[in-house]
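Let me begin by presenting the structure, written as structure tokens, before commenting on it.
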Amino acid sequence: MSETAEKTPKGPSGGTVDPDEIARFQAMAAEWWDPAGKFRPLHKFNPVRLGFIRDRIAARFGRDPKSAHPLSGLRLLDIGCGGGLLSEPMCRLGAEVVGADAGEKNIATASVHAAGQGLAIDYRCTTAEALAASGERFDVILNMEVIEHVADRDAFLKACAEMLKPGGIMFLATLNRTLKAFGLAVVGAEYVLGWLPRGTHDWSKFVTPDELKRGLAGAGLGVVELTGVSYNPLFDNWSLSRDMGVNYMALAEKPGPR
Numbered sequence: 000m001s002e003t004a005e006k007t008p009k010g011p012s013g014g015t016v017d018p019d020e021i022a023r024f025q026a027m028a029a030e031w032w033d034p035a036g037k038f039r040p041l042h043k044f045n046p047v048r049l050g051f052i053r054d055r056i057a058a059r060f061g062r063d064p065k066s067a068h069p070l071s072g073l074r075l076l077d078i079g080c081g082g083g084l085l086s087e088p089m090c091r092l093g094a095e096v097v098g099a100d101a102g103e104k105n106i107a108t109a110s111v112h113a114a115g116q117g118l119a120i121d122y123r124c125t126t127a128e129a130l131a132a133s134g135e136r137f138d139v140i141l142n143m144e145v146i147e148h149v150a151d152r153d154a155f156l157k158a159c160a161e162m163l164k165p166g167g168i169m170f171l172a173t174l175n176r177t178l179k180a181f182g183l184a185v186v187g188a189e190y191v192l193g194w195l196p197r198g199t200h201d202w203s204k205f206v207t208p209d210e211l212k213r214g215l216a217g218a219g220l221g222v223v224e225l226t227g228v229s230y231n232p233l234f235d236n237w238s239l240s241r242d243m244g245v246n247y248m249a250l251a252e253k254p255g256p257r
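Per numbering that gives the first Met the number 0, the very first residue in the sequence shown carries number 0; after that it's consecutive.
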């Protein structure tokens, strides 16, 4: 690693933020945009995530997913944005993007990279609770590979739900707490294949689909869709699948007229 994790990372703390988790990802901040580096799995995962997000947003808001800027006019929050791997393509698709992360180094990396690409993205070192308290509202929220790293899952979901406009939608991606996920996402990915640094994931924080649905319901959101995401080692790619035993994504909506 090119940087060392801080025991107490700079930036927002308390609430749903887990300082140990933030420190772990800040230590890898410089590698966010290296497709062969520590975040290689996310680079490989991105095409299937982006297709799912674009197509569901287009369907929800009556847009043509094949147009140049199908997200034009929509305000989007990428919470736990890291280095901006999703924020940048969302901006290119026309959305007004706010990228939020509790790690200062992640935000610095994301900001520098976006500037180099000529993209206007509003990156902020902050938390979901702080954004909600400030009255921020969004048409779409991306909550991808974040929920298994927070300190208080239900409080985090409620803060995110508060920021959704009526009729708005939130995307979530996480890992199921199964023995299969422990074997593949922890032992396999971290200890055998070395795709991720050891200790990246805490299996006890993985979230079952039923737990996610209950948490979303408690926050006033309804689940519209659940889908598994599976890796094909022969083709080295990811695709949507019926298997939610390891990785899965969810689409949730907030009731009310748009």
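Glycine residues also receive a C-beta, built at the ideal position from the N, C-alpha and C atoms. Please read all numbers here as calculations on a predicted model, not as lab measurements.
Option nearest residue i by Cα separation, candidates the options
i, options, result
"Ala218", "Trp32, Lys253, Leu41, Ala184", "Lys253"
"Ala132", "Ile106, Glu144, Leu163", "Leu163"
"Ile146", "Pro88, Gly79, Val222", "Gly79"
"Gly227", "Ser240, Gly221, Asp235, Ala216", "Ser240"
"Leu225", "Pro232, Glu210, Arg152, Leu233", "Glu210"
"Gly166", "Ala35, Gly255, Ser66", "Gly255"
"Asp100", "Val111, Tyr122, Ala94, His112", "Tyr122"
"Phe38", "Ala94, Glu144, Ala150", "Glu144"
Residue i burial status per 10 Å Cβ neighbour count (16 or more: buried)
i, result
"Asp33", "exposed"
"Arg213", "exposed"
"Lys104", "buried"
"Gly72", "exposed"
"Ala35", "exposed"
For residue j and residue i, the rounded distance between their alpha carbons
i, j, result
"Ala114", "Leu178", "42 angstroms"
"Gly98", "Ala129", "13 angstroms"
"Lys43", "Ile52", "16 angstroms"
"Val16", "Cys124", "12 angstroms"
"Arg55", "Val139", "11 angstroms"
"Tyr247", "Ser229", "8 angstroms"
"Phe60", "Asp153", "27 angstroms"
"Ala160", "Val222", "12 angstroms"
"Leu70", "Leu220", "22 angstroms"
"His68", "Gly50", "14 angstroms"
"Met169", "Val186", "30 angstroms"
"Lys6", "Gly102", "Confidence is the limiting factor: at Lys6 the pLDDT is only 29, short of 50, which leaves the residue's position unreliable and the question unanswerable from this model."
"Arg62", "Ile106", "30 angstroms"
"Leu233", "Gly182", "19 angstroms"
"Ala216", "Ala251", "9 angstroms"
"Pro18", "Asp77", "19 angstroms"
"His148", "Ser66", "35 angstroms"
"Ser110", "Ser203", "32 angstroms"
Own chain partners of residue i with C-beta closer than 7 angstroms, once the 5 adjacent residues on each side are dropped
i, result
"Ala184", "Leu174, His200, Val245"
"Thr108", "Ala28, Ala29, Trp31, Gly82"
"Gln116", "Glu87"
"Ala150", "Thr15, Val16, Asp17"
Own chain residues within Cβ distance below 6 angstroms of residue i, not counting five before or after
i, result
"Glu135", "Met162"
"Val96", "Leu75, Ser86, Met89, Cys90, Ile120"
"Arg257", "Gly166"
C-beta atoms of residue i and residue j nearer than 7 angstroms
i, j, result
"Ala158", "Ala127", "yes"
"Ala249", "Leu171", "yes"
"Phe137", "Arg74", "yes"
"Phe155", "Ala180", "no"
"Ala57", "Pro46", "no"
"Leu92", "Leu41", "no"
Same chain, Cβ closer than 8 angstroms to residue i, five either side skipped, listed in chain order
i, result
"Pro260", "The requested residue 260 does not occur in the structure, where the chain is confined to residues 0 to 257."
"Asn231", "Trp237, Ser238"
"His112", "Trp31, Trp32, Gly82, Gly83, Glu87"
"Ala94", "Leu70, Ser71, Leu73, Arg74, Leu75, Val139"
"Asp235", "Lys43"
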